[in-house]
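Engineer:
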Amino acid sequence: MHWKAEYSVGIDEIDKQHRVLLDYFNLIKDAVAAGGTWSSLHFILIQLHEFARIHFSVEEALMHLFGYPEVADHMGLHQAFFIKLKELEQQSLKTDVTKGTVEFLHNWLVQHIMGADQGYARHIAGGAQVVLTKPSKLA
Ligand SMILES: [Fe+2]
Ligand SMILES: [Fe+2]
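Reminder that position 30 of the sequence shown reads as 51 in our numbering, one-by-one numbering, no gaps.
#1: Heavy atom of ligand 1 less than 7 Å from the Cβ of His-39, yes or no?
#2: Do three or more CB pairs link the stretch 110–117 to the stretch 46–65 at distances below 8 Å?
#3: With three or more beta-carbon pairs closer than 8 Å as the criterion, would you say the stretch 96–115 touches the stretch 130–140?
#4: Starting from the Cα of Ala-93, find the closest Cα among Glu-81, Phe-87, Leu-86 and give me that residue.
#5: Express the C-alpha separation of Ile-49 and Leu-86 in angstroms, rounding to a whole number.
#6: So which residues put a beta carbon under 5 Å from any heavy atom of ligand 2, going in chain order?
#7: For Gly-148, name the three-state secondary structure that DSSP assigns.
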């Protein structure tokens with residue numbers, strides 16, 4: 022699965038992070054296809070989990086900073102990803118991870134980028150201002 026221009030959210034740093042996430046899926050698919058030891062796949066899944074945690078935190082910070090009204094819903098979507106990823110991690114320990122499960126999570130990510138992520142990016146690119154502390158609270 023290769024990066025496509027239509028995946029861009031228009032924020033360079035976020036696009037770079039999305040590329041890293043998609044690269045992890047390529048590694049996961051290769052590991053599943055190679056049918057190696059459970060640990061080779063599990064290790065990549067843990068790395069994906071760590072990077073997704075950082076990436077989602079960056080996005081959630083941006084949404085809070087720029088007063089994106091749908092931040093709570095978006096955070097819920099991120100949590101749903103972790104639940105599915107955890108299932109995949111458990112699967113990798115016990116049974117063979119199927120291509121179908123990997124595909125499901127991969128497709129989820131692409132749809133998330135092209136839907137929810139492009140949504141908050143439009144909010145920011147559309148001229149949203151950083152939410153400032155009200156003067157009365159500064160005194
Ligand atoms: Fe994202
Ligand atoms: Fe997101």
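Backbone N, C-alpha and C fix where the C-beta goes; we use that ideal spot for every residue, glycine too. Because the structure is a prediction, the values reported are computed rather than measured.
Structural biologist: Per the coordinate set shown:
#1: Translated into positions along the sequence shown, residue 39 becomes position 18. Yes, since a heavy atom of ligand 1 falls inside the 7 Å radius drawn around the Cβ of His-39.
#2: yes
#3: yes
#4: Looking up residue 93 in the sequence shown gives position 72. The option with the nearest alpha carbon to Ala-93 is Glu-81.
#5: As a first step, residue 86 is located in the sequence shown; it is residue number 65 there, counting from the start. As a first step, residue 49 is located in the sequence shown; it is residue number 28 there, counting from the start. Approximately 33 Å between the Cα atoms of the pair.
#6: Glu-80, Asp-138
#7: Counting from one through the sequence shown, the residue named residue 148 turns up at place 127. In this structure, Gly-148 counts as coil in the three-state DSSP scheme.
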